[in-house]
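*Asks:*
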Amino acid sequence: MKSIKQFAIAALAAATVGSAAAPALADSTGIGAIYLDDVGFYAAVRKGIQDSAKSMGKEVDLLETNARADPGAEASFIDRLISANVKAIILSAVSADGSVRAIRRAHEAGIPVVCYNTCINDADMKKYVYAYAVADPTEFGRQLGDVAADYFIAQGIKEPKIGVLNCEFVEVCVKRREGFEAALKAKVPGYVIAANQRGTVLDDAVSVSDQMLSANPEINAFFGEGGDAGTGAVRTIKQRGLTGKVVVFAADMTSSAATELADFSVMKAVADVSGQGIGKLALEQALNGAEGKKAADIIVPMGISIFKSADDAKKWLETHKDGLS
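All letters in the sequence shown, in the order written, are residues -26 to -1, 1 to 299 by mature numbering (1 follows the signal peptide of the UniProt record, and there is no 0).
(1) Do you know offhand how far Leu223's Cα is from Ala41's?
(2) If we cut at 7 Å on Cβ distances, does Asp120 have a partner in chain C?
(3) Residues bridged to Tyr90 by DSSP?
(4) Hey, how far is the Cα of Asp124 from the Cα of Phe114?
(5) Please state the DSSP three-state secondary structure of Thr174.
(6) Can you grab the Cα-Cα spacing for the pair residue 301 / Val240, in whole Å?
(7) Between which two residues does the alpha helix (DSSP H) containing Lys212 stretch?
(8) Starting from Gly4, trace the beta strand (DSSP E) both ways and give me its first and last residue.
(9) Report buried or exposed for Glu48, applying the criterion of at least 16 other Cβ atoms within 10 angstroms of its Cβ.
(10) Exposed or buried, Lys295, counting other C-beta atoms within 10 Å across all chains shown (16 or more means buried)?
(11) From the DSSP output, in three-state form, read off Asp286 for me.
(12) Between which two residues does the alpha helix (DSSP H) holding Gly249 run?
(13) Would you decide whether Ser299 is buried or exposed? Buried here means 16 or more other CB atoms lie within 10 Å of its CB.
(14) Quick test of the definition: if touching needs 3 or more C-beta pairs under 8 Å, does the stretch 210 to 218 touch the stretch 243 to 252?
(15) Taking all protein chains shown into account, do 16 or more other C-beta atoms lie within 10 angstroms of the C-beta of Lys149, making it buried, or fewer, making it exposed?
(16) Just checking my contact of Ser66 with Leu10 at CB under 8 Å: how many whole Å lie between their CB atoms?
(17) According to DSSP, is Phe15 part of a helix, a strand, or is it coil?
(18) From Leu257 to Pro191, what does the alpha carbon distance come to, in whole angstroms?
(19) Where does the unbroken beta strand (DSSP E) through Leu65 begin, and where does it stop?
(20) Can you tell me the Cβ-Cβ gap for Ala179 and Ala203, rounded? I've got them flagged as a contact below 8 Å.
(21) Based on DSSP bridge pairs, tell me the residues matched to Lys135.
(22) Drop a sphere of 10 angstroms on the beta-carbon of Gly46, count the other beta-carbons inside from all chains shown, and report buried for 16 or more, exposed for fewer.
(23) Run through the DSSP bridge pairs and tell me what Asn40 is partnered with.
(24) What is the DSSP secondary structure of Ala225, reduced to helix, strand or coil?
(25) Do you know how far the Cα of Lys132 is from the Cα of Leu261?
(26) How is Ala58 classed by DSSP in three states: helix, strand or coil?
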């Protein structure tokens, strides 16, 4: 009978770091899963992992937590997972360098580590990571940048001024911007990044985009690198009465982003990687590692989707009633 057992971090609280004692996972495969957040993309990843665990014909114990982008919380939970004798760990690494020590400890304990979306630096990844499920972030940005560049060309905007709402505390978002800029440089080389500030949480995105427009009223468009950045920028633009004058190109599809794209007055395109799809892919790799299978390659590629019309958004809303990509 296929089943899944889920444990919150409290379930591991009794496991002393470095102790041989562990919860009773002998009858199933214990998998640790760490999320950077509990909404949007990461909520979709969690659903993908959970649903896949139920459908794979194996009994899986999921021990889960939300690191909230805190390397200390991430390291602490990894140590508890090591003490719990899990068979594999799935995580979106908080820091390319700051997450290395904890991941190395898991590797040295014989536990395969599977990254998704974000991981540690390349040199250490090759030493300590079993697999990395990821969509090429540079290509992700490039595809969205192509759509933006085509929009500017169609509007006769030769020197677009762009505000970036970033998530560049993780390397994947830096690469998204680099890809986005590469596409602009190829088609509208006169573009200018007028401002680039962190703002992926909705309230922050609204506040930061508003400040950007005050300081740079010439901005033609915003690029939201992840989370609710794009939706926040749309809200600011509408509040300021700038619909039809300033547009948004965003990463990460959500119900809010899809609703704005369906309206199409401000949001013009959304690039997305399926969170549920990447969750399934990461769990597949974790189970392979737990079974001692050799990975064909560390990088396990995930596809990229570009939604660039109102019809695209409406179809997404129809097929994603739960709002999870």
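A virtual CB, placed ideally from N, CA and C, is assigned to each residue, including glycine.
Keep in mind it's a predicted model, so treat the numbers as computed, not measured.
*Replies:* Considering the structure as presented:
(1) At residue 223 the sequence reads Phe, which differs from the Leu that was named. Distance between the alpha carbons of Phe223 and Ala41: 28 Å.
(2) The chain inventory of the structure shown lacks chain C, comprising one protein chain alone.
(3) Beta-bridge pairing links Tyr90 to Thr92, Ala107.
(4) Asp124 and Phe114 have their alpha carbons spaced roughly 16 Å apart.
(5) Here Thr174 sits in coil by DSSP.
(6) Lying outside -26 to 299, the shown extent of the chain, residue 301 is not represented and no answer is given.
(7) Per DSSP, Lys212 belongs to the alpha helix (DSSP H) from 203 to 213.
(8) Per DSSP, Gly4 belongs to the beta strand (DSSP E) from 3 to 9.
(9) Under this definition Glu48 is a buried residue.
(10) That one is exposed.
(11) Three-state DSSP puts Asp286 in a helix.
(12) Here the alpha helix (DSSP H) through Gly249 covers 249 to 264.
(13) With 16 or more other CB atoms across the displayed protein chains lying within 10 angstroms of its CB, Ser299 is buried.
(14) Counting Cβ pairs under 8 Å, fewer than three are found: no touch.
(15) By the 10 Å Cβ count, Lys149 comes out buried.
(16) Rounded, the Cβ-Cβ distance is 5 Å, consistent with contact.
(17) Correct three-state label for Phe15: helix.
(18) When the Cα atoms are used, Leu257 and Pro191 turn out to be separated by approximately 46 Å.
(19) Per DSSP, Leu65 belongs to the beta strand (DSSP E) from 62 to 65.
(20) Contact holds; Cβ gap of about 5 Å.
(21) Beta-bridge pairing links Lys135 to Val166.
(22) Answer is exposed; the Cβ neighbour count stays below 16.
(23) Paired residue(s): Tyr9.
(24) DSSP places Ala225 in the strand class (E or B) of the three-state scheme.
(25) Approximately 50 Å, taken between the alpha carbons.
(26) Coil.
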